[in-house]
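Visitor: Structure incoming, see below.
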Amino acid sequence: MSEKTLFTRIVEGEIPSDTVYEDETTYAFLDVNPLAPGHTLVIPKAPYERLSEMPPAEAADVFSVLGEITAAVEAAVDADGTTVALNNGEAAGQEVPHVHWHIIPQFEDDTARPIHALFDGAELSDEERSEIAGRIRDNQ
Ligand code: AMP
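Laid out in structure tokens, this is it:
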């Protein structure tokens, strides 16, 4: 049997967490190393590693509460907005191999970090972009 993920151990109460939401399929708790006050993680209880492994019904369950949890986080810390992000795979910086959405409060001051600031940008011609779009369509 494969080892439990860190987040499964949190869901099962083996590791304590500041839980902010729970239902049959979804769990949310505060990040222990917050990037901003109120930084919250939202996970499916089942330990899928990557987004593409999640059955659509379970992904829909998580998404059906993600907006509501995000609004509650914003209200709790008086945030002006939030970045909601998922590091999908090790190359994207995913450290815990159990799908999780980060809800990171943002404030209208100089601490704001738009997601575009993370990347240098890719120089692509119109043809290259169209060719990539075609390959994405072909891979569905
Ligand atoms: P990622 O790099 O996207 O895999 O994010 C993993 C996140 O889990 C990091 O932001 C960590 O701070 C957070 N984390 C690790 N251990 C715990 C824990 N015991 N309780 C809450 N959050 C945790």
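Counting in our numbering, the sequence shown runs from 69 upward without gaps.
Ideal Cβ positions, reconstructed from N, Cα and C, are used throughout, including at glycine.
1. Expressed to the nearest angstrom, what Euclidean distance is found between the alpha-carbon atoms of T87 and E191?
2. Tell me which residue opens and which closes the alpha helix (DSSP H) that F131 is part of.
3. Leaving aside the five residues before and after S149 along the sequence, list all residues of the same chain whose C-beta is less than 6 Å from its C-beta, in chain order.
4. Could you tell me how far apart the beta carbons of K72 and Y95 are, in whole angstroms, since I believe they sit closer than 8 Å?
5. Below 8 Å, how does it come out for the segment 109-129 and the segment 182-191: are there three or more Cβ pairs, yes or no?
6. Let's test the definition: count the other Cβ atoms within 10 Å of the Cβ of I200 and tell me whether it reaches 16, buried, or not, exposed.
7. Which residues count as close to the ligand AMP when the rule is a CB under 5 Å from any of its heavy atoms, in chain order?
8. In whole angstroms, what separates the C-alpha of V167 from that of E136?
9. List the whole-angstrom C-beta distance separating I171 from V145, where the pair is believed to meet the contact cut-off of C-beta under 8 Å.
Guide: Let me lay it out:
1. The straight-line gap from Cα to Cα measures roughly 42 Å.
2. Where F131 is concerned, the enclosing alpha helix (DSSP H) starts and stops at 124-145.
3. Checking the sequence, you will find Gly at residue 149 rather than Ser. Taken in chain order, the residues that qualify are Q174.
4. So it is not a contact: roughly 14 Å between Cβ atoms.
5. With the rule of 3 Cβ pairs closer than 8 Å, the segment 109-129 does not count as touching the segment 182-191.
6. Exposed, because fewer than 16 other Cβ atoms sit within 10 Å of the Cβ of I200.
7. Having a Cβ closer than 5 Å to some heavy atom of the ligand AMP are D99, V100, N101, N155, Q162, E163, V164.
8. CA-CA distance, V167 to E136, rounds to 19 Å.
9. Contact between I171 and V145 is ruled out by a C-beta separation of about 11 Å, above the 8 Å threshold.
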